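Trainee:
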Amino acid sequence: MTRSAFVAAGLAATCAPACAARSDVDARIARAVAASSGTVGVWARKLDAPAPIVYNPDVVFPTASISKVLILLSLFQLSEHNPAIFERRITLKLSDFVGGSEVLDSYEPGASLTVAALARAMIDQSDNTASNVLIDLLGFDRIAATIHGADLKHTQLKRHFMDVNAVVGHSENLTTPRDIGSLLYQIERGSHEGVHTVASSASCRKMIDILLRQEDRDKIARGLPKGVPLANKTGEIDGVRNDVGIIDPFGESPYVLAVLTKDLDDFSLGNIAIRRIATAVHGALY
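Throughout, this note's numbering is defined as the position within the sequence shown, counted from one, plus 27.
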């Protein structure tokens with residue numbers, strides 16, 4: 028056997044198990060997508076892996092509530108220059124209240140909450156009123172700067188939550204699986220490696236702590252083995268079911284998974300597809 032043939036044979040033998048595993052996860056993702064009734068995008072990457080697992084990674088999707096991660100990041104970036112921001116109290120106005128606000132619906136106009144409490148409500152129970160109040164605090168320009176600084180090329184946050192007029196005017200909040208997945212990857216890398224990425228390492232760890240308490244466990248979480256930690260944010264609007272998260276963020280083998288959907292005829296099939304994709308990716312990366 029020639030040297031070149033020997034090297035080629037060695038590479039083939041080394042690649043075979045990994046290539047077979049990648050082929051299997053790709054096939055399982057494709058089957059889950061085919062059964063979903065809509066358009067699906069996937070981006071998954073283990074920390075320090077050379078390349079992600081992808082399916083339609085650069086297709087643009089409505090964010091629904093996963094864009095609340097952008098608000099959270101922008102808030103933590105601000106806190107690095109203004110540490111007292113989380114203790115600031117904001118008084119709620121009647122015009123602040125919108126639907127989809129399970130936490131703040133129990134308050135009356137004139138009540139005041141700390142920014143920290145609003146941030147927890149925004150993530151824990153995806154409270155739309157809390158999210159809108161934080162958008163007003165930060166401003167769309169600051170959030171746009173956060174998006175630009177993170178190099179999210181196809182992501183935008185252009186409207187408040189439950190703003191029907193903005194939706195009718197085609198001003199939508201958008202992202203891609205690659206953009207939102209790579210954002211959480213940078214948050215995990217900052218936490219895990221102790222380096223500044225999109226925020227300081229301490230901020231990254233605090234954001235993960237908040238995301239770990241997110242209460243919607245109907246998508247990625249149901250595709251994972253019981254007890255596996257998940258720091259995630261879900262999102263739902265008509266025709267859309269999304270989930271993006273860091274699996275086992277403080278463990279030895281963390282990875283990020285983003286699954287975005289749109290054009291769903293049956294919303295339950297979108298959730299099922301996300302669960303099946305989560306199961307397939309977990310088997311390949313964990």
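Glycine included, each C-beta is placed from N, C-alpha and C at the ideal position.
Predicted model, so just to flag it, every value in this text is computed and none were measured.
1. Could you check whether Leu97 and Ile173 sit closer than 9 Å to each other, using their CB atoms as the reference points?
2. What is the residue span of the beta strand (DSSP E) that Thr261 lies within?
3. Decide if Arg303 is buried, meaning its Cβ has at least 16 other Cβ atoms within 10 Å, or exposed.
4. Okay, do the segment 222–232 and the segment 90–105 touch, 3+ Cβ pairs below 8 Å being the bar?
5. Is Ser295 buried or exposed, if buried means 16 or more other CB atoms sit within 10 Å of its CB?
6. With the cut-off set at 9 Å, would you say Leu131 and Ala146 are in Cβ contact?
7. So what's Ala35 in DSSP terms, helix, strand or just coil?
8. With C-beta atoms as the reference, is Ile93 less than 9 Å away from Asp270?
9. Could you pull out every residue in the same chain whose Cβ sits closer than 7 Å to the Cβ of Leu121, ignoring the five residues on either side in sequence?
10. Helix, strand or coil: how does DSSP classify Gly176 here?
11. Which partner residues of Ser94 appear in the DSSP bridge assignment?
12. Give a yes or no on contact between the segment 149–160 and the segment 183–195, applying the rule of three or more CB pairs nearer than 8 Å.
13. CA-CA distance, Ile274 and Gln241?
Mentor: So, from the data block:
1. Going by the sequence as given, residue 173 is Thr instead of Ile. Against a cut-off of 9 Å, the Cβ pair of Leu97 and Thr173 comes out as a contact.
2. Leu257 to Ile264
3. buried
4. yes
5. exposed
6. no
7. Note that Ala35 scores 47 on pLDDT, short of 50, meaning its location in the model is unreliable and no value can be drawn from it.
8. yes
9. Pro136
10. helix
11. Partner(s): none; Ser94 has no beta bridge.
12. yes
13. 13 Å
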